[in-house]
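Q: There's a structure below that I have some questions on.
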Amino acid sequence: KEDDKKHDEL
Amino acid sequence: MNAFRLLADLTHLLSIIILLVKIRTTKSCAGISLKTQDLYVLVFISRYLDLFTRPLSLYNTPFKLVFLATSITIVYYMRYHKVVKQTYNKDSDTFKHYFLILPCAVLAFFINPKFTFIEVLWSFSIYLEAVAILPQLVLLQSSSNIDNLTGNYVFMLGAYRALYLLNWIYRFFAEDVVRWIPWIAGLVQTALYADFFYYYIKSWRNNERLKLP
């Protein structure tokens with residue numbers, strides 16, 4: 004779930 | 109960054125350029141669904157609000173600005189350009205796209221990475237993008253002859269998200285990254301193109317006009 008917040012994609 | 113994602117973003121950019129070329133060179137938006145274009149503007153605005161809140165990125169920021177600018181330009185052309193707006197198939201572009209917005213908003217309200225304004229809007233944009241192509245696909249089915257640029261536009265649009273699926277598979281194994289929301293939405297989005305892909309490739313192989321049943 005942590006990764007979902009890192010919007011490093013377009 | 110990986111090759112799948114770079115290719116995906118370039119394919120997405122290419123699809124938008126193809127559409128802009130079609131509208132500018134033929135001065136026509138025949139076969140293009142304004143409802144789908146409206147939804148894309150909504151997708152980009154609700155997704156790229158973080159332009160103001162997060163640090164800029166050399167790669168993402170230019171893309172975000174280009175996607176926002178081009179999607180707004182396309183809607184402007186189709187609504188207000190005196191020549192282009194005459195060619196809009198108003199009576200065929202009948203999909204009730206407002207029925208897509210509310211369910212996506214409700215879903216985003218309940219399923220999001222974090223219950224904050226930015227994250228809920230980001231989830232909304234991911235869900236909305238998955239279904240935004242529906243009015244366009246419905247319009248294609250009622251189009252008698254689909255011009256090549258329009259067919260290529262829709263194909264590239266479907267291909268970009270399919271490439272993103274490859275990017276997510278790569279990132280899952282290489283970087284141990286898990287992203288349920290875009291994964292599932294991306295699968296739904298790509299699945300919606302399945303029959304279009306079939307007829308597009310068939311028409312390309314038999315070198316005949318693209319025709320959807």
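Read top to bottom, the protein sequences are chains A and B.
Yeah, the first sequence ends on 13 if you go by the numbering used here, and it's all consecutive.
Yeah, the second sequence ends on 321 if you go by the numbering used here, and it's all consecutive.
Beta carbons: idealized from backbone N, C-alpha and C, even for Gly.
Note that the structure is a prediction, hence the values are computed from the model and not measured.
#1: Judging by CA-CA distance, which residue of L142/B, V174/B and F281/B is the nearest neighbour of L13/A?
#2: With C-beta atoms as the reference, is T258/B less than 8 Å away from I140/B?
#3: For R269/B, which three-state DSSP category applies?
#4: Could you tell me how far apart the beta carbons of I131/B and I182/B are, in whole angstroms, since I believe they sit closer than 8 Å?
#5: Name, going along the chain, the residues of the region 190 to 223 of chain B whose beta-carbon falls closer than 8 Å to a beta-carbon of chain A.
#6: On a CA-only basis, which of E283/B, S311/B and L274/B is nearest D117/B? Give me that one, please.
#7: Tell me which same chain residues have a C-beta within less than 7 Å of the C-beta of K4/A, skipping the five on either side of it?
#8: Since K269/B meets chain A, which of its residues come closer than 9 Å, beta carbon to beta carbon?
#9: Between the region 197 to 216 of chain B and the region 235 to 251 of chain B, can you find at least three pairs of beta-carbon atoms closer than 8 Å?
#10: Measuring alpha carbon to alpha carbon, tell me which of D255/B, A302/B and L114/B ends up nearest Y167/B.
#11: Start and end of the alpha helix (DSSP H) containing V129/B?
#12: To test your reading of the DSSP string, which unbroken alpha helix (DSSP H) runs of 4 or more residues are found completely within the region 242 to 310 of chain B?
#13: Using CA coordinates, which residue listed in R317/B, A240/B, S250/B and R313/B is at the minimum distance from V296/B?
#14: Mind checking whether L176/B and L229/B have CB atoms under 8 Å apart?
#15: Between R313/B and chain A, is any beta-carbon pair separated by less than 8 Å?
#16: Can you list, in chain order, the residues of the region 161 to 180 of chain B whose Cβ is nearer than 8 Å to any Cβ on chain A?
#17: Could you compute how far the alpha carbon of E316/B sits from the alpha carbon of D255/B?
#18: So with Cβ pairs under 8 Å, would you call W230/B a contact of chain A?
#19: Between which residues of its own chain and L247/B is the CB-CB distance below 6 Å, once the five residues before and five after are set aside?
A: Looking at the atomic coordinates:
#1: When only C-alpha atoms are compared, the closest one is V174/B.
#2: Using a Cβ distance threshold of 8 Å, T258/B and I140/B count as a contacting pair.
#3: Helix, per DSSP.
#4: Contact holds; Cβ gap of about 7 Å.
#5: Among the residues of the region 190 to 223 of chain B, those with a Cβ less than 8 Å away from any Cβ of chain A are P221 and K222, in the order of the chain.
#6: The option with the nearest alpha carbon to D117/B is L274/B.
#7: Interpretation of K4/A is limited by its pLDDT of 47, a score under 50 that renders its predicted location unreliable; the figure taken from the coordinates is listed afterwards. Cβ contact annotation for K4/A (same chain, cutoff 7 Å, sequence separation greater than five): none.
#8: The sequence given here places Arg at residue 269/B; Lys does not occur at that position. Below the 9 Å Cβ cutoff, chain A contributes no neighbours of R269/B, its closest Cβ being approximately 11 Å away.
#9: As far as the Cβ criterion goes, the region 235 to 251 of chain B touches the region 197 to 216 of chain B, which means the pair count is three or higher.
#10: Nearest option by C-alpha distance: L114/B.
#11: V129/B -> alpha helix (DSSP H) spans A111 to T134.
#12: Counting whole runs of 4 or more residues, the region 242 to 310 of chain B contains the alpha helix (DSSP H) stretches 242 to 250, 256 to 282 and 288 to 300.
#13: Considering only alpha carbons, the answer is A240/B.
#14: By the CB criterion at 8 Å, L176/B and L229/B fall outside the cutoff.
#15: Interface criterion not met: the Cβ of R313/B is under 8 Å from no Cβ in chain A.
#16: For the region 161 to 180 of chain B, the set of residues with a beta-carbon nearer than 8 Å to any beta-carbon of chain A comprises R162, S165, N168, F171, K172 and F175, in chain order.
#17: Roughly 12 Å between the two C-alpha positions.
#18: Chain A, which has a Cβ nearer than 8 Å to the Cβ of W230/B, makes this yes.
#19: Excluding positions up to five away in sequence, the list reads S141, S200 and D201.
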